[in-house]
Amino acid sequence: MSYESHQPHYASVFLDVKKLEPLNAEPDVAALIEFPHTPDELTYCRNHGPITVLDEETFTIKIDGEVRNELKFTLDELRRSFPHASIVAAMQCAGNRRSTMSHKKGRDTEGIPWGEGVISNLRWTGVRMCDVLLAAGLTQDVQQSPDGMHVCFCSHVAPCEDAAFFGGSIPLAKALDRDGDVLIAYEMNGHPLSPAHGFPFRIVVPGYSGERWVKWVDHITVSRHESANYYQQKDYKVLPSSVTTHAQADSESWWTKVPPLEANTLNSVIATARIIPPGSPPESPTPPASVTIAAKGYALGGAAARIARVALSADRGASWVRAHITYQEGRWSWALWEAIVVARVPQPPPPGTRVVLWCRATDEDGVSQVYGEESEWNLRGVAYSAVGEYEIEL
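In this text, residue positions in the sequence shown follow our numbering: the first is 70, and each later residue adds one.
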């Protein structure tokens with residue numbers, strides 16, 4: 070496997086490189102939340118193989134499988150064949166907060182040691198997957214019984230660490246749902262995709278975990294079966310906590326028992342917290358034997374549910390203060406929030422006194438994040454969704 074195309078400019082100076090070959094890097098979460106729409110230089114990079122530079126004039130995407138007409142498009146042909154659509158959608162890696170899971174559970178996990186910044190909120194432009202599939206013409210059997218059908222995505226441009234190529238799939242129903250906003254995207258924040266983010270094409274699946282947003286996609290297949298690719302079948306699954314090795318998962322057939330991840334994990338994170346000196350705006354006077362803390366962060370709903378509220382606690386859940394949501398756009402974006410929290414502390418506080426803040430998101434379906442002790446460890450460290458925590462030293 071060659072990494073010759075991994076030039077230094079692919080690793081933005083604003084990203085923390087967790088692994089160079091293949092390139093995997095995330096931004097500082099405090100910098101990340103300063104922008105409702107994530108700039109390219111703060112967009113995390115997740116790769117299972119080399120970043121590939123492709124020629125837009127010759128690279129094509131093929132649509133086949135359970136369709137009446139096989140189709141093939143270059144970038145220019147795709148843009149001219151279908152109306153364009155733009156949506157704002159958050160893309161979250163399944164391993165976001167993996168290091169937090171390992172730390173809170175006291176057990177190592179497999180994979181990149183991601184922090185809490187493996188998420189981006191971007192404006193995507195491309196063509197709707199439903200328009201492309203309808204142009205290909207679903208077979209009569211599929212039209213009559215679409216349930217249980219899948220759309221498989223492949224990128225054959227380079228070998229990966231664990232497979233000859235990268236792939237994945239989503240239910241056909243999601244792909245055909247016009248309100249589901251699945252795209253074959255070619256722009257990010259109004260500019261052509263960069264090589265690091267999938268130029269010339271990538272899949273965008275709003276509400277779904279980032280591993281289904283296949284980059285450099287060159288093959289789309291309507292199928293009666295979900296993708297057989299390694300990254301669909303033997304990765305990105307929440308295995309039982311009793312499964313501690315890949316070998317055990319193989320021998321006990323857990324990979325076939327556990328479904329692949331689909332919907333985003335409901336999450337919230339405290340990105341920054343600072344003590345406000347007594348008498349300083351914007352808070353009311355600080356009560357005796359307490360400190361006032363200003364906190365900011367992000368939250369993301371699962372599936373198609375927006376964030377309804379975020380609440381913070383400085384007393385491990387005994388009481389909560391509702392945060393103010395400062396940004397949320399459409400159905401698929403993240404929410405940015407800020408809050409003022411008063412924490413009771415001994416006076417004067419002994420050296421090394423720490424205040425632990427919690428944040429907890431609730432989506433519009435009424436689903437709330439679980440508490441840390443209710444969350445389960447899993448081998449791959451994916452889909453961690455316990456309440457956010459932040460320690461601040463006085």
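No residue lacks a Cβ here, since even glycine has one placed at the ideal position from N, Cα and C.
How would you write the range of the beta strand (DSSP E) that residue i sits in, first residue to last?
i: Glu460; result: 457-462
i: Arg148; result: Run containing Arg148: none in the beta strand (DSSP E); it sits in the alpha helix (DSSP H), 144-150.
i: Met198; result: Segment 198-205 is the alpha helix (DSSP H) holding Met198; no beta strand (DSSP E) there.
i: Val274; result: Careful: Val274 lies outside any beta strand (DSSP E) and carries neither H nor E.
i: Val157; result: 153-161
i: Ser382; result: 376-382
Is residue i near residue j, with beta carbons less than 8 Å apart?
i: Ala373; j: Thr431; result: no
i: Phe235; j: Cys229; result: yes
i: Asn116; j: Leu92; result: yes
i: Ala383; j: Ala412; result: yes
i: Leu308; j: Leu202; result: no
i: Trp427; j: Gly386; result: yes
i: Ser150; j: Arg192; result: no
i: His336; j: Ser171; result: Before going on, a small fix: residue 336 reads as Asn here, not His. Cβ atoms of Asn336 and Ser171: not closer than 8 Å.
i: Val327; j: Lys306; result: yes
i: Leu252; j: Val312; result: no
i: Lys243; j: Gly267; result: no
i: Ser224; j: Asp287; result: yes
i: Thr121; j: Ala227; result: yes
i: Trp406; j: Gly366; result: yes
i: Asn190; j: Ala233; result: no
i: Leu245; j: Cys199; result: yes
i: Ala368; j: Ser278; result: no
i: Arg148; j: Tyr79; result: no
i: His106; j: Asn258; result: yes
i: Ala316; j: Trp324; result: no
Going by DSSP, which residues form a beta bridge with residue i?
i: Ile394; result: Trp406
i: Phe473; result: Residue 473 cannot be examined here, being either before or after the span of the chain that is shown, 70 to 463.
i: Ile344; result: Ile362
i: Ser337; result: Ala368
i: Tyr300; result: In the DSSP output, where bridge partners are listed per residue, Tyr300 has none listed.
i: Ala332; result: Tyr277
i: Glu95; result: Asp85
i: Ser437; result: Thr431
i: Cys229; result: Bridge partners of Cys229: none, in fact.
i: Gly134; result: Val291
i: Gly195; result: Ala154, Ala254
i: Val411; result: Thr361
So, at 7 Å on beta carbons, what are the nonlocal neighbours of residue i in its own chain, with the 5 sequence-adjacent residues on each side left out?
i: Leu207; result: Glu135, Val136, Val291
i: Arg391; result: Arg378, Ala380
i: Glu146; result: none
i: Arg375; result: Gln397, Arg400, Asp432, Glu433
For residue i, collect the residues of the same chain with a Cβ closer than 6 Å to its Cβ; drop the 5 residues on either side in sequence, then sort them by chain order.
i: Ile461; result: Ala342, Val424
i: Tyr459; result: Ile339, Ala342, Leu426
i: Glu445; result: Ser310
i: Lys131; result: Lys141, His288
i: Pro77; result: In this prediction, Pro77 scores a pLDDT of 49, lower than 50, which makes its location untrustworthy; no coordinate-derived value is stated.
i: Asp231; result: Tyr299
i: Ile394; result: Ala404, Trp406
i: Ala265; result: Tyr79, Cys114, Ile120
i: Ser81; result: Glu110
i: Arg281; result: Gly237, Ile239, Val274
i: Glu331; result: Tyr277
Taking the alpha helix (DSSP H) that residue i falls in, what are its first and last residues?
i: Lys174; result: 167-174
i: Gly257; result: Going by the sequence as given, residue 257 is Met instead of Gly. Segment 252-257 is the beta strand (DSSP E) holding Met257; no alpha helix (DSSP H) there.
i: Cys428; result: Unbroken run through Cys428 is the beta strand (DSSP E), 423-432; no alpha helix (DSSP H).
i: Val98; result: 98-101
i: Ala244; result: 241-245
i: Ser349; result: Neither: Ser349 is in no alpha helix (DSSP H) and is coded neither H nor E.
i: Gln212; result: 209-213
i: Thr325; result: 323-326
i: Asp319; result: 315-320
Which residues in the same chain have their Cβ closer than 8 Å to the Cβ of residue i, if we skip the five residues on either side of it in sequence?
i: Phe83; result: Pro96, Asp97, Ala100, Glu110, Leu111
i: His219; result: Ser238, Ile239, Pro240, Leu241, Val291, Ser292, Arg293, His294, Glu295, Ser296
i: Val439; result: Ser454, Ala455, Val456
i: Ile362; result: Ala342, Arg343, Ile344, Ile345, Ala383, Ile409, Val410, Val411, Ala412, Val424, Leu426, Ile461
i: Asn333; result: Ala159, Gln161, Gly276, Tyr277, Ser278, Leu369, Gly370, Gly371, Ala372
i: Pro182; result: Lys87, Arg167, Ser168, Ser171
i: Pro357; result: Gln416
i: Asp216; result: Ala242
May I ask you to check if the CB of residue i is nearer than 7 Å to at least one heavy atom of the ligand SAM?
i: Ile130; result: This structure lacks the ligand SAM, and indeed carries no ligand of any kind.
Would you call the segment 163-182 and the segment 253-273 in contact, with 3 or more CB pairs under 8 Å? no
Are at least three pairs of beta-carbons, each pair with one atom in the segment 84-103 and one in the segment 180-199, less than 8 Å apart? yes
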